[in-house]
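From first to last, the protein sequence lines stand for chains A and B. 647 is the number that the numbering used here gives to position 253 of the first sequence; each next residue is one higher, with no gaps. 606 is the number that the numbering used here gives to position 212 of the second sequence; each next residue is one higher, with no gaps. Where is the CB? At the ideal position from N, CA and C, for every residue including glycine. All of these numbers come straight from a predicted model, not from anything done at the bench. Right, one structure below, let's go through it.
Protein chains: 2
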Amino acid sequence: MPVVTDEADGSQDALLVRVAAGGHVGWGECEAAPLPSIAAFICPMSHGVCRPVADSVLGQTLESPEDIARIASAVAYNSMDLLQAPHTFSGVEMALWDILGKMRSEPVWRLLGYDKSHPKTPYASVLFGDTPQETLERARDARSRSFRAAKFGWGPIGRGSVAADAEHFVAAREGLGQDGILLVDTGQIFIEDVERAAARLPAMEKANVLWFEEPFHASALEAYGALAGRSAKVRLAGGEGAHNESMAKQLIDYGGIGYVQIDCGRIGGIGPSKAVADYAVAKGVTFVNHTFTSHLALSASLQPYAGFGDHEICEYPAMPKPLAIAIAANHLERDAQGQVAAPEAPGLGIAVAPAALRPYLQQVEISVGGRRLYETPRL
Amino acid sequence: MPVVTDEADGSQDALLVRVAAGGHVGWGECEAAPLPSIAAFICPMSHGVCRPVADSVLGQTLESPEDIARIASAVAYNSMDLLQAPHTFSGVEMALWDILGKMRSEPVWRLLGYDKSHPKTPYASVLFGDTPQETLERARDARSRSFRAAKFGWGPIGRGSVAADAEHFVAAREGLGQDGILLVDTGQIFIEDVERAAARLPAMEKANVLWFEEPFHASALEAYGALAGRSAKVRLAGGEGAHNESMAKQLIDYGGIGYVQIDCGRIGGIGPSKAVADYAVAKGVTFVNHTFTSHLALSASLQPYAGFGDHEICEYPAMPKPLAIAIAANHLERDAQGQVAAPEAPGLGIAVAPAALRPYLQQVEISVGGRRLYETPRL
């Protein structure tokens, strides 16, 4: 976007990945800081296991899901000391699935072994208002746009008193109606302070909040586990910060979450997300996508659990910036029942729209020792 | 270095951080891929919690250890979605301690609350040879250079048979002598395959290996825990991949390691390393530094446990590349007993040598939208 603000809205910029192979072109999107992610693709090798992501991707054979898994393993090993690598590879991996689906004329979810793409109930992701009245209005607005579920996040929650937060929960429930699915996201505000987070539980329970998302830092497993043990009804949700399969599994095993939220644009793509989805089923935990950007990212994030009929909630970017809308030529619209599903079309089923995107394209140039390592390709 | 090879040697390049504050200059070193780490310092903001590291550092007050902790918390929160940020900030944080020590004319370990810098027994870090004979010769060489302890890593281990690996362990023990401290590092080669790792335990036990380092991927806590439960004598070691305090604590709590190895150049600097050291003491685990680069990084990595008399092993870069030697004008030499200690001099006690470094300096230029965001500063 021409202006990027400090609001917690990840759709203000975008890093798209275009991969060409075997006469096909696939697209993916990293949910990541663009410049460091580009640098992680093209940087000079530091040593044997601190190599740029490109080293493990370019020139590889792509004929089957096993090839994607093989490339992913190579990245994980060859770039184990390059912290940004999983964020970079996430967009690449999506694009590889997109290509493979196009090669086989199959949607990605079928390549993952599913027979059917089950419709999901999208929740509108909105931010808490600065006042309970604003929160009430935003909840009414979500309802008026036919969202049966809404997630309220960030804003003032955790920054003031327990009573002040409670007013926001009451307002959100009132605006959404008694039958609405109400979700709360506190954006890691309690760091690892279990007592401060637990103090919000009674008001959440009273407002019939289904899940309490990201109370703590993504790695604060012990705090997650302690809070989960103290909540009778409200289940914890988390996982968007997971940049590998293990981190998500640990939130399930040690953190006691009831909902695991995976962003395909961060965890390394669709393959590891599918592995987490299968693990969640085995552990009685519900899988949910994390998506705050384009419908390209949305399609990718629905694939890993498209075949699960009973994991039916999905995140749906309710108020994306114009850039995020411009990325996709076709969108995953809600059906008459207000639901969305991973598309039936080959690959990810989303056409990227170069003409609409071009006005947003940023010219990036990176040189080391007089050698040009990167410049923005033509769109 | 003019040529960077794919050997597992992290001293082939370096990212130094120079911070100026209050008339003092401090230095730090990231153990990280330079280009993505630079990008994470200067990239455009993506949204409120995906900001460049510079935003939370430049212009801040620096008068006490509490200021460093406050800046670190700001980075953790403001850059929570920027994966590379902890690697970038690690070098910055070291430099802040260096400045604070110089301001107060105190070594960093004293600022951390220690009365004394206890000498440590350094182990030589060497790679396994391609053949057991080569491993034997390297072990003899370490011994001849008066190293009482040696760690053998990577090479062919885990790539061939259990019997082939056992020959290397026998050779290492023979070369080092019966009284030497023998450590083994397998560099994540078993990914998360507990059986394959466990198959190496009997031969390690027979060779009296003190620790078995990084059998698995840094996040594979369950595999760590399972292997720890199956090892009677050989303790697990790990932690170098930790890029925050929580990850290191999890390896202790869920992974069952006996030695926690922290790289100040990755975990976010000296502050979180000290927190891990204190946690290790409380849990009966031994703290060890992880250092494979310069003596600037070595000094930083010794500070967090300088005051522990009974955590006495330390990693010591035994065969660094000329670049890593050029970084420091003074070096932490072993004393008559073959031991090293964090220096008594103010700050980190290491003078960086611009003249010696200059031949290695790489000119890096990064532009976005026609605006120059970074170019290598003058040395």
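Can you tell me which of the three DSSP states R542/A falls into? Working through the first sequence from its first residue, we reach residue 542/A at position 148. Looking at R542/A - three-state DSSP - the assignment turns out to be coil, as it is neither helix nor strand.
Quick one: using the 10 Å Cβ neighbour count with 16 as the cut-off for buried, is G417/B buried or exposed? If you number the second sequence from 1, residue 417/B lands on position 23. Under this definition G417/B is an exposed residue.
Excluding five sequence neighbours on each side, which residues of the same chain lie with their C-beta closer than 7 angstroms to the C-beta of L690/B? As a working note, residue 690/B is residue 296 in the second sequence. So the list reads W421, E423, I721, A722, L742, I744, V746, once near-sequence residues are dropped.
For F546/A versus A601/A, is the C-beta spacing smaller than 7 angstroms? One-based indexing of the first sequence puts residue 546/A at position 152. One-based indexing of the first sequence puts residue 601/A at position 207. Their beta carbons are not under 7 angstroms apart, which means F546/A does not touch A601/A by this criterion.
Under 7 angstroms, do I651/A and G632/A count as touching if we go by C-beta distance? Here residue 651/A is taken as the residue at index 257 of the first sequence, counted from 1. Here residue 632/A is taken as the residue at index 238 of the first sequence, counted from 1. Closer than 7 angstroms, so yes.
CB-CB length for H684/A against S695/A, believed under 8 angstroms: Walking along the first sequence from the start, residue 684/A turns up at place 290. Walking along the first sequence from the start, residue 695/A turns up at place 301. H684/A to S695/A, Cβ: 7 angstroms. Contact.
Using 10 angstroms around the beta-carbon of Q757/A, count the other beta-carbons present and answer buried if the total reaches 16, otherwise exposed. For the purposes of this step, residue 757/A is taken as residue 363 along the first sequence, with counting starting at 1. The residue in question, Q757/A, is exposed, as its Cβ has fewer than 16 Cβ neighbours within 10 Å.
Grab me the residues of W605/B's own chain with a C-beta within less than 6 angstroms of its C-beta, minus the 5 sequence neighbours each way, in chain order. Looking up residue 605/B in the second sequence gives position 211. Here the set comprises L577, R629, A631, Y653.
Identify which residue in A612/B, V556/B, N724/B, R412/B has its Cα closest to the Cα of L692/B. Taking the second sequence and counting its residues from 1, one reaches residue 692/B at position 298. Comparing Cα positions, the closest option is N724/B.
If you drop the 5 nearest sequence neighbours on each side, which residues of the same chain put their C-beta closer than 8 angstroms to that of Q733/B? Along the second sequence, read from residue 1 onward, the residue named residue 733/B stands at position 339. P513, K514, T515, P516, listed in sequence order.
Suppose contacts are defined by Cβ-Cβ distances below 7 angstroms. Is E639/A in contact with H611/A by that definition? Position 245 of the first sequence, counted from the start, is the residue given in the question as residue 639/A. Position 217 of the first sequence, counted from the start, is the residue given in the question as residue 611/A. Against a cut-off of 7 angstroms, the Cβ pair of H611/A and E639/A comes out as no contact.
CA-CA distance, D400/B and L409/A? Residue mapping note: residue 400/B aligns to position 6 of the second sequence, counting from 1. Residue mapping note: residue 409/A aligns to position 15 of the first sequence, counting from 1. One C-alpha to the other measures close to 29 angstroms.
For E457/B, count the other beta carbons within 10 Å of its own beta carbon; 16 or more makes it buried, fewer makes it exposed. Which is it? Taking the first residue of the second sequence as 1, we reach residue 457/B at position 63. Classification of E457/B: exposed, given that the 10 Å Cβ count is below 16.
Go to V578/A, then tell me how far its beta strand (DSSP E) extends in each direction, as first and last residue. Here residue 578/A refers to the residue found at position 184 of the first sequence. 575–579 is the extent of the beta strand (DSSP E) around V578/A.
Using the rule of at least 16 other Cβ atoms within 10 Å of the residue's Cβ for burial, across every protein chain shown, is G623/A buried or exposed? Against the first sequence, residue 623/A aligns to sequence position 229. Per the 10 Å Cβ criterion, exposed.
Contact defined as beta carbons within less than 8 angstroms: I believe P737/A pairs with L751/A. What is the distance between those atoms, to the nearest angstrom? For the purposes of this step, residue 737/A is taken as the residue at position 343 of the first sequence. For the purposes of this step, residue 751/A is taken as the residue at position 357 of the first sequence. P737/A to L751/A, Cβ: 20 angstroms. No contact.
From the DSSP output, which residues share a beta bridge with A518/B? Here residue 518/B refers to the residue found at position 124 of the second sequence. For A518/B, which the question treats as bridged, DSSP gives the partners A544/B, Y710/B.
So, is the C-beta of A676/B closer than 7 angstroms to a C-beta in chain A? Along the second sequence, one-based indexing puts residue 676/B at 282. So, not an interface residue.
Under the three-state DSSP convention, the category T680/B falls into: By 1-based counting over the second sequence, the position of residue 680/B is 286. Looking at T680/B - three-state DSSP - the assignment turns out to be strand.
If we count Cβ pairs, one from each stretch, closer than 8 angstroms, do we get three or more for the region 469–487 of chain B versus the region 426–433 of chain B? yes
So, are the CB atoms of T482/A and S405/A less than 7 angstroms apart? On the first sequence, residue 482/A is found 88 positions in, with the first residue counted as 1. On the first sequence, residue 405/A is found 11 positions in, with the first residue counted as 1. Their beta carbons are not under 7 angstroms apart, which means T482/A does not touch S405/A by this criterion.
Would you mind sorting D524/B into buried or exposed? The rule is 16 or more other CB atoms within 10 Å of its CB. As a first step, residue 524/B must be located in the second sequence, where it is residue number 130. So D524/B ends up on the exposed side.
Within the chosen definition, does the region 491–500 of chain A reach the region 530–547 of chain A through at least 3 CB pairs nearer than 8 angstroms? no
Between the CA atoms of A749/A and V762/A - distance to the nearest angstrom: Walking along the first sequence from the start, residue 762/A turns up at place 368. Walking along the first sequence from the start, residue 749/A turns up at place 355. V762/A and A749/A: Cα-Cα distance of roughly 32 angstroms.
Could you check how far apart the C-beta atoms of A735/A and F702/A are, in whole angstroms? I think they sit under 8 angstroms. Numbered from its first residue, the first sequence carries residue 735/A at position 341. Numbered from its first residue, the first sequence carries residue 702/A at position 308. The Cβ separation is near 12 angstroms, so there is no contact.
Measuring only from the beta carbon, is G574/B closer than 6 angstroms to any heavy atom that is part of the ligand ADP? In the structure on display, the ligand ADP does not appear, and there are no ligands present to speak of.
For the beta strand (DSSP E) that E423/A lies in, which residues bound it at each end? By 1-based counting over the first sequence, the position of residue 423/A is 29. Per DSSP, E423/A belongs to the beta strand (DSSP E) from 418–424.
Taking E607/A as part of the alpha helix (DSSP H), name the residues at either end of that continuous run. What you label residue 607/A is simply residue 213 of the first sequence in a count that begins at 1. Note, E607/A: premise wrong, no alpha helix (DSSP H); beta strand (DSSP E) at 603–607.
If you drop the 5 nearest sequence neighbours on each side, which residues of the same chain put their C-beta closer than 7 angstroms to that of Q697/A? What you label residue 697/A is simply residue 303 of the first sequence in a count that begins at 1. Excluding residues within five positions, the ones whose Cβ falls inside 7 angstroms are V502, W503, L506, I664, A736.
Closest Cα partner of A636/B within the set K627/B, Y648/B, L621/B, C658/B: Along the second sequence, read from residue 1 onward, the residue named residue 636/B stands at position 242. With distances taken between Cα atoms, A636/B lies closest to C658/B.
Select from the region 414–431 of chain A all residues with a C-beta closer than 9 angstroms to any C-beta belonging to chain B, and list them in chain order. E425, A426, A427, P428, L429, P430, S431
With C-beta atoms as the reference, is S625/A less than 7 angstroms away from L645/A? On the first sequence, residue 625/A is found 231 positions in, with the first residue counted as 1. On the first sequence, residue 645/A is found 251 positions in, with the first residue counted as 1. Not closer than 7 angstroms, so no.
DSSP state of Q655/A mapped onto helix, strand, coil: In the first sequence, the residue the question calls residue 655/A occupies position 261. Q655/A falls in the strand class under three-state DSSP.
Can you tell which of A466/B, P771/B, P740/B has the C-alpha that lies nearest to the C-alpha of L755/B? Residue numbering aside, residue 755/B sits at position 361 when the second sequence is read from its first letter. It is P771/B whose Cα lies nearest to the Cα of L755/B.
Measure from the C-beta of D400/A to each C-beta in chain B and report whether the shortest distance is under 7 angstroms. Here residue 400/A corresponds to residue number 6 of the first sequence, with the count starting at 1. Output row for D400/A: interface = yes.
So what's L692/A in DSSP terms, helix, strand or just coil? Within the first sequence, the letter at position 298 stands for residue 692/A. Here L692/A sits in helix by DSSP.
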